[in-house]
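*Asks:* Numbering (the working numbering), first residue to last: 866 to 1319.
Each residue gets a CB set at the ideal place from its N, CA and C atoms; glycine is no exception.
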Ligand code: UDX
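1. Can you tell me the Cα-Cα spacing of residue 898 and residue 1174, whole angstroms?
2. Out of 1144, 1314, 901, 1069, which has the shortest C-alpha to C-alpha gap to residue 941?
3. Measure the C-alpha to C-alpha separation of residue 1309 and residue 1295 and round it to an integer number of angstroms.
4. So for residue 1032, helix, strand or coil by DSSP?
5. Compare the Cα-Cα distances from residue 1156 to each of 1001, 870, 1062 and report the closest residue.
6. Given 8 Å as the limit, is there contact between the segment 1156 to 1172 and the segment 1093 to 1102, that is, 3 or more CB pairs closer than that?
7. May I ask you to verify whether the segment 1071 to 1081 touches the segment 1040 to 1050, counting CB pairs closer than 8 Å and requiring at least 3?
8. What does a CB cutoff of less than 7 Å around residue 1258 pick up in its chain, not counting 5 residues either side in sequence?
9. Buried or exposed: which applies to residue 1087, given that a residue is buried once 16 or more other Cβ atoms fall within 10 Å of its Cβ?
10. Near residue 937, which residues of its chain fall below 6 Å by C-beta distance, leaving aside the five closest residues on each side in sequence?
11. For residue 921 and residue 1034, what's the separation of their Cα atoms in angstroms?
12. Is the segment 1016 to 1028 touching the segment 902 to 910, taking contact as three or more C-beta pairs under 8 Å?
13. Within 10 angstroms of the Cβ of residue 1158, are there 16 or more other Cβ atoms? Answer buried if so, exposed if not.
14. How about residue 886 and residue 923: do their beta carbons lie closer than 8 Å?
15. DSSP beta-bridge partners for residue 938?
16. Would the C-beta of residue 1108 count as close to ligand 1, meaning under 7 Å from any of its heavy atoms?
17. In three-state DSSP terms, what is residue 1272?
18. What are the complete alpha helix (DSSP H) segments, minimum 4 residues, inside the segment 987 to 1025?
19. Look at the alpha carbon of residue 1093 and the alpha carbon of residue 1068, and state the distance between them as a whole number of angstroms.
20. Just how far apart, CA to CA, sit residue 866 and residue 954?
21. Residues in its own chain within less than 7 Å of residue 1288 by CB, not counting five upstream and five downstream?
22. Taking 7 Å as the cut-off, is the beta-carbon of residue 1098 closer than that to any non-hydrogen atom of ligand 1?
23. Within a Cβ cutoff of 6 Å, which residues of the same chain sit near residue 977, ignoring the five residues on either side of it in sequence?
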């Protein structure tokens, strides 16, 4: 395969969702890719052709590119800088609940890159920060660390860009193959031009809107995007609370009507249990922290976070009032992943709901098609893990749908009635086909829908 315009090869530091997907995609395009990951288990898995993450389409492609020798994983940077033109930094940037970022992995990667830069002058490596970082990090943290460790000057002897990633878990490969935009932040035009050309060759012949700007703007675009998506979700969840308090409101219809306004658009208006995952909550907190440090009023960010938290708690309160108390009641929680199509339980609504149910004395049984093992690591042995949906519903007083997996949309009414102690369901994600269930006498509370149940 021709890799015209794509250079000698690419290095990727960090084999998380972003780094691994990017590595596999680049390798599938024939670009020799070296992925550096400090977790030796992950490296071994990748080199055995096994994907360490649950992502649609990734395992097959990964196996293929490793077998063909186009993708190589290793746990040390070694001679990587001698063999590639571009290095992407895709390590994690966790934040505390207060939004204070932990940049230690980005700092370590920057130092390693600096130390590994070839002593041979002439080669001008391009370093690209893809990790989500607070505005100013690339220029004021990454740049000086690389300069210090390498003895080279940014803009002359190496180039530096910010290039945020907007992929979604569950469709990471698809999103990497078809990005809706490319944002490049750089202080030097030549650096931005190099990355732009690389992407043009990679995505040729498709034309993807590309925005070239300053590093700060690029870093801010990423945080603001996720905060805005979170805003849309909290907004519609607030409207769902209003709908529930009316006599015949339905947030689904309200969202549909809202979405018809082209200035608003239909996406990210699905009411439910709010947003979770590794990005939206974290990036929102990070932006709140950053804005507060600059003396900017963070009232709106607080509200988005508060509504998201309340939406989870309201479900537990609804369950409590439907059952007349939770102590000793058996509750089946369907869905643990923060959204369908992934085994990721990070900041999942379901986990918070389960903890609150347990705190109020309920006996909790859980089911998820993909995330049981990850949930066990977080929740421990205090709940019963069921690999079968109907096993989870056995003798339950109430079932809560917490993740919109397709397997939960159309349960068999007679099986539910015979299995559950009380045929009560809370549809936290608005996915149930309710007609057959209601006809069979099963009682359902749907988020965002007026219900006389509680
Ligand atoms: C998000 C961004 O979409 C992506 O651009 C960024 O790169 C990473 O963060 P992801 O975390 O994979 O991606 O999930 P996403 O599909 O955005 O959903 C986030 C959360 O919001 C999920 O918990 C989902 O259930 C919830 N959500 C989403 C809603 O509750 N309602 C909606 O309308 C949309």
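*Replies:* In brief:
1. 41 Å
2. 901
3. 11 Å
4. coil
5. 1001
6. yes
7. yes
8. 1197, 1264, 1281, 1284, 1285
9. buried
10. 899
11. 9 Å
12. no
13. exposed
14. yes
15. 900
16. no
17. helix
18. 1008 to 1015
19. 27 Å
20. Any reading at residue 866 is ruled out, since the residue's pLDDT is 46, under 50, leaving its predicted position unreliable.
21. 1281, 1282, 1306, 1307, 1308
22. yes
23. 942
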